[in-house]
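Contents: one structure, followed by commentary.
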Amino acid sequence: MCGIVGYIGNRNAYDVLIQGLKRLEYRGYDSAGIALEGFDGQLRVYKAKGKVSDLEKAVEGKDVTGTLGIAHTRWATHGVPNNVNAHPHLSQSGSIAIVHNGTIENYGVLKEALIREGYTFKSETDTEVLVQLIEYVKVKNKCGLFDAVREALHQIEGAYAIAVIERDDPDTIVVARKSSPLVIGVGENETMLASDATPIVGLMDKVVYLKDDEMAVIRRDKPLQVLSLETNHPSDFDIQTLKMSVAELEKGGYETFMLKEIFEQPDRLRDCVRGRILDDGAQVVLSGVRDNRKRFLEANRVVIVACGTSWHAALIGKHIIQDMCKLPVEVEYASEFRYSGPIITDKDIVIAISQSGETADTLAAIQLAKNKGAFVYGICNVVGASIPRNTDSGTYIHVGPEIGVASTKAFTGQVTVLTLLALCAGQIRGTVDEEKVRMVGQALMQMPETVKEVLKLDGQIQQLARTFTYAHNFLYLGRGYNYPTALEGALKLKEISYIHAEGYPAAEMKHGPIALIDSEMPTVVIAPTDSLYDKIVNNVQQVKSRGGAVIAIVNKGNASMQDMADYCLEIPEVPECLTPIVASVPLQLLAYYIAKYKGRNVDQPRNLAKSVTVE
Ligand code: M6R
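Residue numbers are given in the UniProt record's numbering: position 62 of the sequence shown equals residue 62, and the series is strictly consecutive.
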């Protein structure tokens with residue numbers, strides 16, 4: 001949700017900032033803007049509604065020289081996407097510019113107070129209120145920019161990652177964060193800041209992850225200063241080495257990031273299990289679980305909190321953990337969790353799942369669980385994100401940066417890690433036998449090859465997608481482990497193609513959705529030959545006898561379904577708990593090609609952002 005970037009050094013700031021915005025565009029893409037150091041007594045601010053490429057067009061022929069600047073790509077919260085509401089925002093006198101990711105909850109009251117002091121506002125944003133407040137404090141207290149920002153932030157309620165520059169000081173950027181991420185890149189005589197590390201990759205390999213309630217002063221040719229927002233005392237900070245490569249942030253010859261991310265799943269799943277399965281599959285080692293053995297031995301219950309696709313992975317995790325660990329598991333939408341009067345004790349393990357590690361609702365759920373004494377375990381993809389830094393322990397899924405807004409490899413990585421967690425904890429608890437661990441462990445080690453096999457369905461799925469681009473509604477059905485797979489398939493289709501799709505437990509269809517079935521509404525049925533196969537056959541027949549078209553995901557060689565369904569996509573057989581990984585891949589491709597044939601922007605679907613940092 002909004003990306004911010006800033007640069008100070010010897011390079012042309014505009015070039016660095018534009019490249020940074022392009023890498024952050026997955027966070028929001030309804031408008032973009034840039035502010036460059038003062039020239040002829042003015043900060044140069046350029047903005048455009050639309051994508052970063054629209055900003056580049058708007059800036060053509062303008063002066064973009066200079067070595068200091070800040071920039072922003074927006075996902076609108078306050079005010080429609082247009083040039084006026086786009087960041088950076090300037091203070092009344094034009095002397096201070098700000099970019100902001102987050103939301104300021106008390107902006108209304110502050111705005112009224114500033115209006116009474118003679119301030120006028122151009123935009124509808126909460127951010128403009130903050131920059132005006134900074135200027136007001138600076139004038140009133142006759143102080144420097146850093147003190148003014150700090151004092152203004154003390155009056156703010158809400159979440160922010162901000163970068164602020166001043167017309168009269170082309171050598172300083174002031175930054176601060178609370179509940180929104182901010183990373184500082186430290187180079188030789190140059191420094192960057194960004195919402196995540198991606199804009200920094202390739203330019204600098206040392207980073208500092210700013211903590212909540214910290215500010216930093218970035219000065220040209222001076223060491224970085226990090227201070228506590230509360231006390232104003234210097235804070236200790238670690239300089240870490242970035243492990244990401246530029247190649248991971250590029251499309252690598254694919255037409256979109258999403259297609260690349262679908263096709264790289266074999267390699268990414270190999271990375272995900274690397275070093276975690278030993279003894280030819282018989283032992284699973286997750287240090288986050290092993291190091292907290294007692295917690296897993298003594299737990300009474302597991303509660304999993306997550307949003308969107310991560311919530312679907314959580315539903316699959318519930319089955320696996322219950323099966324392997326013989327522990328009751330509840331799954332909650334992170335956004336509902338804290339409003340449902342949750343009963344959490346210190347005997348609970350709360351697992352938070354998030355690709356980005358920055359989802360505001362999931363972070364709030366973690367805080368609540370911690371306050372109630374639960375042991376909180378994070379499953380996250382982005383290294384150094386807020387969730388891994390706010391949980392007691394956890395596991396990275398290590399599938400590399402996911403840039404397409406629709407989650408694909410993160411989902412299969414999350415299910416993989418949940419399986420590893422269940423196996424590892426089950427071994428500790430003595431609730432899973434070695435034979436089962438070996439069977440699932442070996443299938444996980446084999447998973448890259450299995451998924452490669454599934455990806456060979458690409459051509460068949462392209463044809464299928466052409467047949468079904470006409471559809472306005474889709475139904476996805478699955479049972480057991482694959483009810484969440486049905487939910488995930490439906491979510492993929494709706495978010496990138498804008499076709500209405502619903503996922504249902506197959507047996508629930510007869511309690512309502514069956515009324516929707518007609519020749520216009522295709523039904524996708526996930527029907528591997530598992531313990532519930534015979535039951536799902538009945539559901540397929542119910543759809544067929546009402547004239548609906550059926551696309552079935554079945555195991556190789558399933559002749560009986562070939563006779564029933566209109567189209568069959570054959571996947572290799574794997575242990576039942578792993579079928580969601582294998583079955584979700586054709587669903588990703590189906591959604592992808594339908595969206596593509598409908599001419600959608602698959603990587604940046606309308607209204608969405610990759611990282612949902614607002615409530
Ligand atoms: O980063 P997170 O996993 O916490 O994000 C949760 C959801 O916002 C995310 O999964 C969303 O539903 C995706 N667009 C799904 O493709």
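The beta-carbon is built from N, C-alpha and C at its ideal position, and this holds for glycine as well. All values reported here derive from a predicted model rather than from experimental measurement.
Host beta strand (DSSP E) of residue i (start-end)
| i | result |
| --- | --- |
| Tyr504 | His500 to Pro505 |
| His72 | Leu68 to Arg74 |
| Gly252 | No beta strand (DSSP E) contains Gly252, which DSSP labels as neither H nor E. |
| Ala216 | Glu214 to Arg219 |
| Tyr209 | Lys206 to Tyr209 |
Bridge-paired residues (DSSP) for residue i
| i | result |
| --- | --- |
| Lys47 | Gly33 |
| Ala89 | Reading the sequence as shown, one finds His at residue 89 and not Ala. His89 is bridged to Ile98. |
| Ile277 | Val284 |
| Gln132 | In the DSSP output, where bridge partners are listed per residue, Gln132 has none listed. |
| Lys178 | Tyr160 |
| Tyr476 | Gly503 and Val524 |
| Asn555 | Ile571 |
| Phe39 | Gln42 |
| Pro234 | Leu227 |
| Tyr533 | Answer is none; Tyr533 lacks a bridge partner. |
| Phe375 | Ile349 |
| Cys380 | Ser354 and Tyr396 |
| Ile8 | Leu68 and Thr191 |
| Arg301 | Asp348 |
| Gly3 | Thr73 |
| Thr332 | Looking at the sequence provided, one finds Glu at residue 332 rather than Thr. Glu332 pairs with Val305. |
| Ile173 | Ile218 |
Inter-residue spacing [alpha-carbon to alpha-carbon] between residue i and residue j
| i | j | result |
| --- | --- | --- |
| Gly489 | Leu455 | 16 Å |
| Gln19 | Thr613 | 22 Å |
| Asp54 | Ser31 | 8 Å |
| Arg219 | Asn85 | 29 Å |
| Met509 | Lys492 | 20 Å |
| Thr103 | Ala159 | 5 Å |
| Ser545 | Ala465 | 23 Å |
| Gln463 | His398 | 33 Å |
| Asp346 | Tyr476 | 38 Å |
| Glu248 | Glu255 | 15 Å |
| Pro170 | Ile8 | 9 Å |
| Ser335 | Ile115 | 35 Å |
| Val405 | Trp75 | 13 Å |
| Asp458 | Asp361 | 35 Å |
| Asp267 | Tyr396 | 16 Å |
| Ala559 | Val550 | 15 Å |
| Gly33 | Arg44 | 11 Å |
| Ile403 | Ile428 | 36 Å |
Among the options, nearest to residue i - alpha-carbon criterion
| i | options | result |
| --- | --- | --- |
| His87 | Tyr107, Leu110, Gly108 and Glu124 | Glu124 |
| Lys436 | Phe375, Asp392, Val284 and Pro580 | Val284 |
| Met215 | Met447, Pro234, Val207 and Lys452 | Pro234 |
| Ile173 | Val99, Arg270, Gln322 and Asp205 | Val99 |
| Gln414 | Arg600, Ile581 and Thr523 | Ile581 |
| Tyr136 | Arg276, Glu151 and Glu332 | Glu151 |
| Pro528 | Gly512, Met561, Ser93 and Ile517 | Met561 |
| Lys598 | Lys494, Asp126, Arg177 and Ile34 | Lys494 |
| Phe468 | Lys49, Thr523 and Asn371 | Thr523 |
| Gly6 | Gln92, Thr77, Lys243 and His72 | His72 |
| Ile571 | His312, Asp603, Lys610 and Val451 | Val451 |
| Phe337 | Arg23, Glu615 and Thr412 | Glu615 |
Sequence-distant residues of the same chain with beta carbon closer than 8 Å to residue i, five excluded per side
| i | result |
| --- | --- |
| Ile262 | Thr408, Lys409, Leu455, Val585, Gln588, Leu589 and Tyr592 |
| Ala507 | Arg479, Lys535 and Asn539 |
| Val186 | Met204, Lys206, Val207, Val208, Leu224 and Ile239 |
| Arg600 | Ile496, Ser497 and Tyr498 |
Spatial neighbours of residue i in its chain, beta-carbon cut-off 7 Å, leaving aside the 5 residues before and after
| i | result |
| --- | --- |
| Gly394 | Gly288, Tyr377, Gly378, Ile379, Cys380 and Pro388 |
| Leu532 | Arg479 and Gly480 |
| Arg276 | Val284, Val285, Leu286 and Leu420 |
| Lys260 | Lys251, Gly252 and Tyr254 |
| Leu17 | Val5, Tyr7, Ile34, Gly69 and Ala71 |
N-terminal and C-terminal residue of the alpha helix (DSSP H) that residue i is part of
| i | result |
| --- | --- |
| Thr362 | Ala360 to Asn371 |
| Lys436 | Glu434 to Leu455 |
| Ser584 | Thr579 to Tyr597 |
| Asp325 | In the sequence as displayed, the identity of residue 325 is Cys instead of Asp. From DSSP, the alpha helix (DSSP H) with Cys325 extends over Gly308 to Cys325. |
| Arg389 | Ser386 to Asn390 |
| Asp168 | From DSSP, Asp168 is part of no alpha helix (DSSP H); its letter is neither H nor E. |
| Tyr107 | Tyr107 to Arg116 |
Sequence-distant residues of the same chain with beta carbon closer than 6 Å to residue i, five excluded per side
| i | result |
| --- | --- |
| Asn101 | Cys2, Ile4, Ala161, Ser180 and Ser195 |
| Pro328 | Arg301 |
| Val331 | Ile304, Ala314, Leu315 and Lys318 |
CB contact below 8 Å: residue i versus chain C
| i | result |
| --- | --- |
| Gly28 | Of the protein chains in this structure there is only one, and it is not chain C. |
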